[in-house]
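Scroll down for the structure; my scribbles are underneath it.
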């Protein structure tokens, strides 16, 4: 599976479960271990869990692999490592607190 196809699967899964402000930062020029960072948020931990579960199901259905998942217990910030794509699903408060958008803001957004 191409990276762009995986990225579309992830973004569509986040959108299907009503993730808010879904963005995909293109980090191909950043020299990091992955190419894209997807960030979205939800108003509650329960919805964060639902989005993460949808992403998991859709990624596995597509034949891609999930290398690891962190944060499921608290479900305030769930991070999924898909190799070339990192997925950050957060509560709104955590997204504002950790300011990942400010960290990645100097990189271009990928249209999906």
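Numbering (the UniProt record's numbering), first residue to last: 1 to 112.
Built from N, CA and C at the ideal position, the CB exists for glycine as well.
A direct Cα-Cα distance of roughly 8 Å separates residue 45 from residue 74. Only exposed fits residue 32, as fewer than 16 other CB atoms lie within 10 angstroms of its CB. If only uninterrupted alpha helix (DSSP H) runs of at least 4 residues are considered, those enclosed by the segment 13–90 are 45–61. The beta carbons of residue 92 and residue 43 sit about 6 Å from each other, so the pair counts as a contact at 8 Å.
CA-CA distance, residue 17 to residue 83, rounds to 23 Å. When the five nearest sequence neighbours on each side are left out, the beta carbons in the same chain lying within less than 6 Å of the beta carbon of residue 70 are those of 79, in order along the chain. Per DSSP, residue 96 is one residue of the alpha helix (DSSP H) stretching across 92–98. Between residue 8 and residue 85, the C-beta spacing is not below 8 Å. Relative to the Cα of residue 22, the nearest Cα in the group 87, 1, 5 belongs to 87.
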